Each structure stands twice: as structure tokens, then as C-alpha cells.
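To keep things clear, I will list the structure first and then write my remarks on it.
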Amino acid sequence: MKFEEFEFEAGLMESLNYMGFVDATPIQESAIPIVMRGEDLIGCAQTGTGKTGAFLLPVINAIMKNPSTGTRVLVVVPTRELAIQIDQQMDGFSYTTNVSSMALYGGTGGDEWVQTKKNLELGVDVLIATPGKLLSHLQMGHADLSGLSHLVLDEADRMLDIGFHDDILRIISFLPKKRQNLMFSATMPTKIRSFAKRILNNPQEITMAVSKPAEGVLQAAYYVEDEFKVELVNALITEKQSYESIIIFASTKKDVKKIVSSFKKNKLSARGISSDLEQSEREEVLRNFKAKKFRIIVATDVISRGIDIKGINLVINYNVPKAPEDYVHRIGRTARANTTGVALTLVNSKEKGGLKRIEKLIENSIYTMPYPN
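The number in this note's numbering is simply the position in the sequence shown, starting from 1, with 554 added.
Spelled out as C-alpha cells, the structure:
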């Protein structure tokens, strides 16, 4: 289906044409008509499916059709990186329109806090925010959301995993009861469905099949107990000197620090990235990694979704991710755009069941490697 068939406002179509967007993705084709009809929606879709456009395009169109002052759309996201990314997409989609947007997230300095307060008081059409920072500004009276028409919860599963359940409910208490609600999640466990029932009204539901890892990814696993994982990771990295860009995913900030520390002792160029870093520091680490100033980045799942880093040769899962879908997100950092890559997973005796669930999801067996000498 072509975007022109949605009969968007002329300014929005001009932006899409300028960006070279002609055909809608499957989730956009399914979701956009529902949103344009004003119905609530719950969508199960991964990053990379075009889901951001599935909610941004119809809400931009709605603002253009019925312009008014104040914030009309609130998009709540789990991480700063995702807030920035959606705001950048918003800039593209709204390029030839008068629709304004702003990303609101933690980790900024005092000067930025003052500027953010001013921008919120002036009002923006579309506010993209992480829960904690948004709640702080709402409780201080900096933002007026009384005229809100659309609430979007993106990556809702990740927000609940992080522990934002209560924050989101507090945020909703500041919103008008009459509004359209859109929820997107990469997974649809029972807790998400229960959460959706508290927020959405008779929603339409869309489910996009979980995409399988790219064919160019060689997947393998090592059975190894936790006390030997750091040693094994160092051996694997040392062995693969030809790999220029490597991402290692660890489930905890503690593991990130432990791995980076061990690399430094072995004179391997690596940096860690987790929620402990200020936003500016995280952006600098990603920028330097993309510029190949160091070859290894060790991170929590904060960069497993939605961050586009080209040329990753190797992804190592230091832990088996709890949700099988997160495995697909993690190893999706490599073998992009028809290239090849390697994904290795370290599995302790308690994680073998998790590996089986991953194999069931991807409908493929993951080759088990012998422990190296």
C-alpha cells in the first residue's frame, strides 16, 4: 500500500516524498487506518518494522487537520536513546509541516533543565519522554497536558521490565480521560495484556510475526559457568583480532563493569555503556564506537533495540536474555544490510532452558561450540 492512499495532509505527504518514502510497511498498512479512525490500538511488533511511523504519521496528520495550542500527543518510551531516535524521525516526518516536537529524558545538566522547563511551558505538539523525567516535570507543574488527544506507550514490555509500571499510572493521572491510546510492545506476555486493560478502551489488536535473525548471522553457544565467563570472553576477543566492531551484551551493570575491567587488564580497547552514564557520556561512547576509536562496546540492553550501528562483526551474549525476543534484538545488531556476522551466547547450567526457548522462537538449533583450550 502506498502512503498517498492514506490521503494524508499535503504538508505531511510533501515530507514523505522529500524523504523518498513511497510504500507503507505491513504494520503501517494495518495500524494507520485504525489510528486515523480514532480507535485504541495495541500492536505487537519489533523495532525495524516501521512501527514508529505507524503511530507518528497518523498523529501528525491529526494535528495538522485540527491545529490547536498545547501538547496534543505524548509518546512515553523506556530509554533516552529511543526518545532521541523517535524525535529524530519526528523531525523528518514533520519537516515540511508546522508540527513541533521535543524529546524529554534524564541525564541532562542544570542549564538544559531550565531550557526544558521553558519549552514545556511554551508547549510542543508532540512530547516524547522517558517516564521518570516526565513525572518530575509534571509534579512541578511545568507541563500542561490537559489538551492531550493521543497517548502512545512504545516498547511497553521494556518499560515494565525496567520498573516503570507505577510511574506510567501516575503520568496517566495527569491526562484527560477522553483521549486515544496506542500501545506497542515487542512481546505480549500476560503482564502487558493486564496492563493494557487498565489503559486502553476496546482496542484493536495487531500482531506482526517476530522476524528471524538475518541469514548472514552465524549463531553458536558455549556451555560455561559464570565463574569462567570473563575468561572465555577474553579468549574469544583475543582470538578474533580481525573483527573491528564487537558488541557484548550483559544483563547487569555489574557484569558490564567486570567485563570492561578485565579487558583493560588485557589491553583490549573497550568501553562500557549502561544507565550509570550521563546521557552526554552515553552519546559520546556510541559516537566514538561508530568512529572506530575503539573496537569493543560492553552494554546492557539499553542499546539492543532501535540503535543503528553499521558494520558490527560480532555480538556476544554474556548472559542468555530472559525474553527470547530480546535475543533476536541483540543479535540483530550484526549482519545488517546483507552483510555477515557472528553471534555467540554464553550459557550456564541454569540458562539452558532459556536457550531452548530461543531455539523454539527462531525455529532453528543453535550450534554448541566446544570450550576452547
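All C-beta atoms in this analysis are idealised placements derived from N, C-alpha and C, irrespective of residue type, glycine included. Please read all numbers here as calculations on a predicted model, not as lab measurements.
Cβ-based neighbour list, residue i, same chain, cut-off 7 Å, excluding 5 preceding and 5 following
{"i": "Glu568", "result": "Thr650"}
{"i": "Phe575", "result": "Phe557"}
{"i": "Leu754", "result": "Asp594, Ile596, Asn735, Met737"}
{"i": "Glu913", "result": "Ser919, Ile920"}
{"i": "Arg884", "result": "Phe803, Ser858, Val869, Asn871, Pro875"}
{"i": "Ser727", "result": "none"}
{"i": "Lys745", "result": "Leu714"}
{"i": "Thr603", "result": "Thr579, Ile581, Met762"}
Close-in-space but distant-in-sequence residues of the same chain around residue i (CB under 8 Å, 5 per side omitted)
{"i": "Gly686", "result": "Gly660, Phe718, Asp721"}
{"i": "Thr854", "result": "Phe803, Ala804, Ser805, Thr806, Lys807, Val810, Ile827, Ser828, Ser829"}
{"i": "His932", "result": "Coverage of the chain is limited to positions 555 through 927, which leaves residue 932 absent and any answer about it impossible."}
{"i": "Tyr572", "result": "Tyr649, Thr650"}
{"i": "Lys846", "result": "Glu798, Ser799"}
{"i": "Gln642", "result": "none"}
C-beta contact flag for residue i and residue j at 8 Å
{"i": "Leu736", "j": "Leu699", "result": "no"}
{"i": "Tyr776", "j": "Tyr872", "result": "no"}
{"i": "Met762", "j": "Pro580", "result": "yes"}
{"i": "Pro743", "j": "Asp711", "result": "yes"}
{"i": "Thr899", "j": "Val882", "result": "no"}
{"i": "Ala578", "j": "Val630", "result": "no"}
{"i": "Gly701", "j": "Thr894", "result": "no"}
{"i": "Leu681", "j": "Asn615", "result": "no"}
{"i": "Leu688", "j": "Ile638", "result": "no"}
{"i": "Ser903", "j": "Glu781", "result": "no"}
{"i": "Asn788", "j": "Ser815", "result": "no"}
{"i": "Val589", "j": "Pro612", "result": "yes"}
{"i": "Ser703", "j": "Arg626", "result": "yes"}
{"i": "Lys848", "j": "Ile863", "result": "It should be pointed out that residue 848 corresponds to Phe in this sequence rather than to Lys. No; because the gap between Cβ atoms is not below 8 Å, this pair is not in contact."}
{"i": "Asp679", "j": "Ile640", "result": "no"}
{"i": "Lys619", "j": "Glu559", "result": "no"}
{"i": "Thr888", "j": "Ile920", "result": "no"}
{"i": "Val852", "j": "Ile791", "result": "no"}
From the options, residue whose alpha carbon lies closest to that of residue i
{"i": "Ala897", "options": "Gln773, Asp780, Ala789", "result": "Gln773"}
{"i": "Met555", "options": "Ala564, Ala585, Ile916", "result": "Ala585"}
{"i": "Lys807", "options": "Pro878, Glu798, Leu831", "result": "Leu831"}
{"i": "Phe749", "options": "Met713, Leu570, Met618", "result": "Met713"}
{"i": "Thr623", "options": "Ile640, Gln600, Val653, Lys605", "result": "Val653"}
{"i": "Arg733", "options": "Asn756, Ile866, Glu838, Ile746", "result": "Asn756"}
{"i": "Glu793", "options": "Leu822, Arg747, Asp715, Glu837", "result": "Leu822"}
{"i": "Ile870", "options": "Val901, Leu840, Lys605, Glu879", "result": "Val901"}
{"i": "Phe647", "options": "Ile716, Leu570, Lys783", "result": "Leu570"}
{"i": "Pro587", "options": "Thr922, Glu759, Met923, Glu837", "result": "Glu759"}
{"i": "Ser834", "options": "Glu666, Asp880, Asp715", "result": "Glu666"}
{"i": "Asp880", "options": "Lys818, Gln693, Asp715, Lys745", "result": "Asp715"}
Whole-Å CB distance - residue i paired with residue j, under 8 Å assumed
{"i": "Gly597", "j": "Phe738", "result": "5 Å"}
{"i": "Leu676", "j": "Ala697", "result": "Between Ala697 and Leu676 the Cβ distance is about 10 Å, and since that is not below 8 Å, they are no contact."}
{"i": "Tyr797", "j": "Leu868", "result": "5 Å"}
Cβ-based neighbour list, residue i, same chain, cut-off 6 Å, excluding 5 preceding and 5 following
{"i": "Ile850", "result": "Ile800, Ala824"}
{"i": "Ala877", "result": "Thr741"}
{"i": "Gly607", "result": "Gln582"}
{"i": "Leu915", "result": "Pro878"}
{"i": "Arg911", "result": "Pro878"}
{"i": "Glu905", "result": "Val874"}
{"i": "Met923", "result": "Ala774, Tyr776"}
{"i": "Asn820", "result": "Asn788"}
Burial state of residue i, where buried means 16 or more other Cβ atoms lie within 10 Å
{"i": "Met644", "result": "buried"}
{"i": "Leu628", "result": "buried"}
{"i": "Met656", "result": "buried"}
{"i": "Val706", "result": "buried"}
{"i": "Glu561", "result": "exposed"}
{"i": "Leu610", "result": "buried"}
{"i": "Gly908", "result": "buried"}
{"i": "Glu785", "result": "exposed"}
{"i": "Val668", "result": "exposed"}
{"i": "Ala599", "result": "buried"}
{"i": "Arg747", "result": "exposed"}
{"i": "Lys783", "result": "buried"}
{"i": "Lys605", "result": "buried"}
{"i": "Arg841", "result": "exposed"}
{"i": "Glu635", "result": "buried"}
{"i": "Arg836", "result": "buried"}
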